[in-house]
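Take 1 as the starting number for the sequence shown in the UniProt record's numbering and just add one per residue. To start, the structure under review is shown below, and the notes come after it.
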Amino acid sequence: MTEIAKLGPSQFPALLREIPDPPETLYLRGTLPPPETKLLAVVGSRRMSRYGKDACEHLISGLAGYPIAIVSGLALGIDGVAHEAALDAGIVTIAIPGSGLSEEVLYPRTHVRLAHRILENGGALLSEFEPDWKPRPESFPQRNRIMAGISHAVLIIEAGLQSGTLITARLATEYNRELLIVPHSIFAEGGAGGHVFAKIGAAPARGPEDILEALEIEKTETARDMALTDEEQKVIDILSEPTPRDELIRALEMPISAANVLLASMELRGLIAESMGEVRKNF
């Protein structure tokens, strides 16, 4: 088990010391990223939609290679997806649960293995609660101020009008943090909460470049920006929206074996990703 360290205010990340109600103490398992790293809090509904999951994975994967760490709350739904997407992209991630950090109380129990992966990959677990603190309803709004306070920007993936995610969003505006929202259909319940904040100036996150801009990080050339072959460009053109693999292969009008080799190569390069039988652009 990773040792739990106790931090005083002088050891807190700088931004957290600036909020009106900073914690008196923090408990830490793992390693916090260096001070020059920009922290992006990613929050959203526990009852996420497929669109929300895809958007979360797409946006986070596009941040690979930049001095960014992902902050979230280890909860079910979008929080878990955000941590997993960061790990898959090789991005450090920090989990701030609504419990203490001891193995016996770490919450939710279904994400204990995810917490271990975060630590194994150079990330951190952070909490102001005593190590053996069991979660209570009031613990989660309380920890949300840590998530907003520690971060340079907060990204809302999706949230209904009654979602606890909106507490973090409200705190982000009070703490003068950048607030971004994923655009949703006007008919989608999961977009209603974020759209409320759009009225007061939250910026839309339509792609990773919008996040980089909010974090004041200059976009650099990556492998994804390199020239594509004609076949690769055709795949990207077809994937204006997630497409079932068999439908994509038919649209390519090439031998199945050759299409599979092409798609495998593009997936290895990070150009596309496949989930639940559907293929999507990954940038």
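The beta carbon of each residue, even a glycine, is placed where N, CA and C say it ideally should be. Given the structure is predicted, the values throughout are model-derived calculations rather than measurements.
Within the model, the alpha-carbon separation for T173 versus G201 is close to 10 Å. Per DSSP, reduced to three states, the secondary structure at G52 is helical. As DSSP reads the structure, V154 sits in a beta bridge with A41 and L179. Excluding the 5 residues flanking it on each side, I150 has same chain C-beta neighbours closer than 7 Å at P13, L15, L16, L39 and V71, in chain order. Counting C-beta pairs closer than 8 Å gives fewer than three between the segment 43-63 and the segment 28-35, which falls short of the contact rule. Under the 8 Å Cβ criterion, the segment 3-12 does not count as touching the segment 106-115, having fewer than three qualifying pairs.
Between G90 and A124, the alpha-carbon positions lie close to 14 Å from each other.
A contact between stretches requires three or more CB pairs, one per stretch, nearer than 8 Å, and the segment 143-160 meets this requirement with the segment 17-25. Among the bridge pairs identified by DSSP, T243 is matched with V279. Taking C-beta atoms as the reference points, R280 and P242 count as a pair closer than 9 Å. In this model, R136 and S127 are separated by some 14 Å (Cα to Cα). When beta bridges are read from the DSSP output, G30 appears opposite A124. Of all alpha-carbon atoms in L119, S139 and A153, the one lying nearest the alpha-carbon of V43 is that of A153. For V71, the uninterrupted beta strand (DSSP E) run begins and ends at I68 to S72, by DSSP.
By the 16-neighbour rule on beta-carbons within 10 angstroms, G277 is exposed.
With 16 or more neighbouring CB atoms inside 10 Å of its own CB, T168 falls in the buried class. I91 carries a coil assignment under DSSP once its states are collapsed to helix, strand and coil.
About 16 Å separates the beta carbon of R117 from that of A75, a gap too long to meet the 8 Å contact definition. Burial check for T220: the Cβ neighbour count within 10 Å stays below 16, so the residue is exposed.
It is roughly 15 Å from the alpha-carbon of P131 to the alpha-carbon of P108. A Cβ-Cβ contact shorter than 9 Å links A205 with I181. Under the DSSP definition of a beta bridge, E274 partners with V279.
DSSP links K6 through a beta bridge to Y27. Within the model, the alpha-carbon separation for E158 versus L59 is close to 13 Å. As a beta-bridge residue in DSSP terms, P204 pairs with I181. With respect to L239, F197 sits apart: the two C-beta atoms are not nearer than 9 Å.
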